[in-house]
Amino acid sequence: MSSSFIRQLRAEHQKGRRRHLLLIPFIFLLFQILWAFWQLNYADQEELSSGYLLLFHHLPMMNTLLLPMMTAVTASRLCDMEIKGDTLKLLYTIQEQTSLYDCKYLTGLSYLAAFTIGQGLLIPGLGMSYHFGEPLKWPMLLEHLAVTFSVSAALLAIQQTLSLLSASQILPLAAGLVGCFLGLFSLFFPAPIARLFIWGYYAAFPAAAMDWERDTRIVHYYEVSFPAAGFLLFLAAAIAIYLLCRTITARKEV
551 MSSSFIRQLR
561 AEHQKGRRRH
571 LLLIPFIFLL
581 FQILWAFWQL
591 NYADQEELSS
601 GYLLLFHHLP
611 MMNTLLLPMM
621 TAVTASRLCD
631 MEIKGDTLKL
641 LYTIQEQTSL
651 YDCKYLTGLS
661 YLAAFTIGQG
671 LLIPGLGMSY
681 HFGEPLKWPM
691 LLEHLAVTFS
701 VSAALLAIQQ
711 TLSLLSASQI
721 LPLAAGLVGC
731 FLGLFSLFFP
741 APIARLFIWG
751 YYAAFPAAAM
761 DWERDTRIVH
771 YYEVSFPAAG
781 FLLFLAAAIA
791 IYLLCRTITA
801 RKEV
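What the sequence shown shows, in my numbering, is residues 551 to 804, in sequence order.
Printed below as a string of structure tokens:
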């Protein structure tokens, strides 16, 4: 990594701090914290006995509903200064288009990482606060966090490309909002169709599943094996998405 790239990356982080971008993952994490307290306060003792499995089942769905919008807002805030000021042409005279894309992308990843770490601390924190009747299985936590970060990273590449190609940030933000609903609805689609919607991939690699008995209305959560092969295939697709988005952005004429 060259010294010029490090300086450019540092400049992006400085711009992010001035625009208070760290508030974005904090606000979305705060919403999940409030939801978790509401959910667990109304949980009975049997549900609390399998509290970690409950979280590993519900949090991917919450991520599906919220994180496409979080990535859209993050990408938009990273890019709107150059778009509003019409300074991309000036920047490209002193910095390669791919370099600018990479710096913004890595900066965006740092905020996604902050959210992921926050959620990783939230889960055991809730377990200690509500005295879950089961020990936390750390491999399940790591699998959940890996899925959360990697799906968000793939979506960030798409949203950043939309933000850099759009004269207004309304379209990228609308795409993020639509992605929230598409991801949520994809959970009810047949598996072959659901795979077409990347926004729903937060729940495509679950660490836990749920059975609900209609007659007794008893909910049972249980651990499922992590689909490692499918996840590795998704990682390869995510890298391809990043490279494609980077190429499309680099070919834009300004």
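C-beta: ideal position from N, C-alpha, C; glycine also.
Which value, in whole angstroms, describes the spacing of the CA atoms of residue i and residue j?
i, j, result
"A707", "T621", "9 Å"
"R567", "F738", "39 Å"
"Y651", "L573", "22 Å"
"E646", "E562", "14 Å"
"H570", "T666", "18 Å"
"A625", "A704", "12 Å"
"M690", "S713", "34 Å"
"N613", "T797", "28 Å"
"L732", "R745", "12 Å"
"W749", "M619", "10 Å"
"L782", "T698", "14 Å"
"P722", "E684", "42 Å"
"L715", "G675", "41 Å"
"Y592", "V701", "30 Å"
"C730", "I720", "16 Å"
Of all the options the options, which has the alpha carbon lying nearest to the alpha carbon of residue i?
i, options, result
"L615", "F735, C795, I791", "F735"
"C629", "R745, G668, A724, A717", "A717"
"L590", "L691, F682, S700, I791", "F682"
"R627", "Q710, I583, T648, L579", "Q710"
"R557", "R745, L604, V701, C653", "C653"
"H770", "F776, T648, L721, A759", "A759"
"A753", "G677, W588, H608, P575", "H608"
Exposed or buried, which one is residue i when buried takes at least 16 other CB atoms within 10 Å?
i, result
"P520", "Outside the shown range of the chain, which is 551 to 804, sits residue 520, and nothing can be said about it."
"S679", "exposed"
"I577", "exposed"
"L605", "buried"
"Y772", "exposed"
"G780", "exposed"
Can you round the beta-carbon distance between residue i and residue j to whole angstroms, since I take them to be within the 8 Å contact cut?
i, j, result
"K565", "M611", "Contact doesn't hold; Cβ gap of about 34 Å is too wide."
"Q669", "L695", "7 Å"
"L559", "L656", "6 Å"
Answer yes if the stretch 651-662 comes into contact with the stretch 595-607, meaning at least three C-beta pairs across the two stretches below 8 Å, and no otherwise. no
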